[in-house]
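Structure record follows, encoded as structure tokens.
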Amino acid sequence: DSTTEAYLTSDGALTTAGNLTLTAADDTDSQTLAIASTVDGTLVNDEVGAAAAINLVDAVNEASIGGSPDITAADVTVEAIMNHDIGDDDPDGVHTSSATAISGAGASDVGVAGALALNIANHESNALIKSGAGADINGADLLLSSANKSMSTATASHELVGGDHGVGASVALNIVAEDSRSAIEDTASLTGAHDLTLLASGDHTMTTTAEPGAEGTTAIGAGVALAIPNGATEAVIGTGTDLTLGGALTL
Numbered sequence: 018d019s020t021t022e023a024y025l026t027s028d029g030a031l032t033t034a035g036n037l038t039l040t041a042a043d044d045t046d047s048q049t050l051a052i053a054s055t056v057d058g059t060l061v062n063d064e065v066g067a068a069a070a071i072n073l074v075d076a077v078n079e080a081s082i083g084g085s086p087d088i089t090a091a092d093v094t095v096e097a098i099m100n101h102d103i104g105d106d107d108p109d110g111v112h113t114s115s116a117t118a119i120s121g122a123g124a125s126d127v128g129v130a131g132a133l134a135l136n137i138a139n140h141e142s143n144a145l146i147k148s149g150a151g152a153d154i155n156g157a158d159l160l161l162s163s164a165n166k167s168m169s170t171a172t173a174s175h176e177l178v179g180g181d182h183g184v185g186a187s188v189a190l191n192i193v194a195e196d197s198r199s200a201i202e203d204t205a206s207l208t209g210a211h212d213l214t215l216l217a218s219g220d221h222t223m224t225t226t227a228e229p230g231a232e233g234t235t236a237i238g239a240g241v242a243l244a245i246p247n248g249a250t251e252a253v254i255g256t257g258t259d260l261t262l263g264g265a266l267t268l
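Residues in the sequence shown are numbered consecutively from 18, following my numbering.
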């Protein structure tokens, strides 16, 4: 699990001559690789070459204001963004998760090979005025901004299974939940805001591949690739006290 946080929780006064910015920046990468040794094809026994790669990721990136702060600043920004070094592109600003399983080939009599690749990833980016908070920003502009970008891959493959009888099965499961949320949460109150802007963005790519393979007098090859995307990209003003602005509202 990975948690990146930037938060202000206060019941007092905070004054700055410039801008107040809370930034949480994250780029979580996780990869697993399983390779099964190839069984010697000259063996006449029944042999199995199997590989399973399982990758589990849970990453939360959050910037927030809580408590009841009395803020005096030119502008207030609360942002949960991708961590991207534009100089050398490391980190590259993309959550990358992958599971790759490559099974080996079986023996010369009965060869069985199986590959399982399971990638389960959850990434959240949240920019929030927390539930129960009561923030007074005394005429400043407020920006709540969240961004989430990901690339998720599950690949199951194997060498051709030979022998008199060959069975080769591959299963790739790619289960991903991606959320971007900019919100004044339920029961939170905001007073003294001039312009209020809530921005949320998401950019997600999933690739799921299962490559079956079998050969022999009797050959059975099967492949199952299943991708399950989930998540939400939202800018929300929740229920609570009345919201009065001195300027524009942008969602």
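We put the CB at the ideal spot given by N, CA and C, even for glycine.
**Asked** If you run the structure through DSSP and keep just helix, strand and coil, what is L268?
**Response** Reading the sequence shown from its first residue, position 251 is the one you call residue 268. Assigned with DSSP and collapsed to three states, L268 falls in coil, not helix or strand.
**Item:** Contiguous beta strand (DSSP E) assignments of at least 3 residues, all confined to the region 179 to 254
**Value:** 182 to 201, 206 to 208, 213 to 227, 235 to 254
**Request:** Spell out a yes or no on whether the region 199 to 208 and the region 248 to 268 are touching, meaning 3 or more CB-CB pairs, one atom from each, closer than 8 Å.
**Result:** yes
**Item:** Backbone CA spacing between A130 and I119 [nearest angstrom]
**Value:** The sequence position of residue 130 within the sequence shown is 113, counting from 1. The sequence position of residue 119 within the sequence shown is 102, counting from 1. Taking the straight line joining both Cα atoms gives about 9 Å.
**Item:** Distance, A150 Cα to N139 Cα
**Value:** As a first step, residue 139 must be located in the sequence shown, where it is residue number 122. As a first step, residue 150 must be located in the sequence shown, where it is residue number 133. Each residue's Cα considered, the two are about 27 Å apart.
**Asked** Hey, would you say A189 sits closer than 8 Å to A242, going by beta carbons?
**Response** Working through the sequence shown from its first residue, we reach residue 189 at position 172. Working through the sequence shown from its first residue, we reach residue 242 at position 225. Their beta carbons are under 8 Å apart, which means A189 touches A242 by this criterion.
**Message:** Going by DSSP, what residue range makes up the beta strand (DSSP E) through G151?
**Reply:** Numbered from 1 along the sequence shown, position 134 holds the residue referred to as residue 151. Here the beta strand (DSSP E) through G151 covers 151 to 153.
**Prompt:** Can the beta-carbon of A171 be found closer than 8 Å to that of A132?
**Reply:** Counted from its first residue, the sequence shown places residue 171 at position 154. Counted from its first residue, the sequence shown places residue 132 at position 115. Against a cut-off of 8 Å, the Cβ pair of A132 and A171 comes out as no contact.
**Message:** Using the Cβ count rule (16 or more neighbours within 10 Å means buried), how would you classify L159?
**Reply:** Against the sequence shown, residue 159 aligns to sequence position 142. So L159 counts as buried.
**Prompt:** Are T45 and A80 close, meaning C-beta to C-beta below 8 Å?
**Reply:** On the sequence shown, position 28 is the one that residue 45 refers to. On the sequence shown, position 63 is the one that residue 80 refers to. The Cβ-Cβ distance between T45 and A80 does not fall below 8 Å.
**Request:** Rank A194, P229, I71, M168 by C-alpha distance to the C-alpha of P246 and give the top, closest one.
**Result:** Sequence index remark: in the sequence shown, residue 246 carries index 229 (1-based). Nearest C-alpha to P246: A194.
**Request:** Please state if the CB of A265 and the CB of D212 are separated by a distance shorter than 8 Å.
**Result:** Working through the sequence shown from its first residue, we reach residue 212 at position 195. Working through the sequence shown from its first residue, we reach residue 265 at position 248. Yes; because the gap between Cβ atoms is below 8 Å, this pair is in contact.
**Message:** What does DSSP give as the partner residue(s) for D46 in the beta ladder?
**Reply:** Position 29 of the sequence shown, counted from the first residue, corresponds to residue 46. Paired residues: T113.
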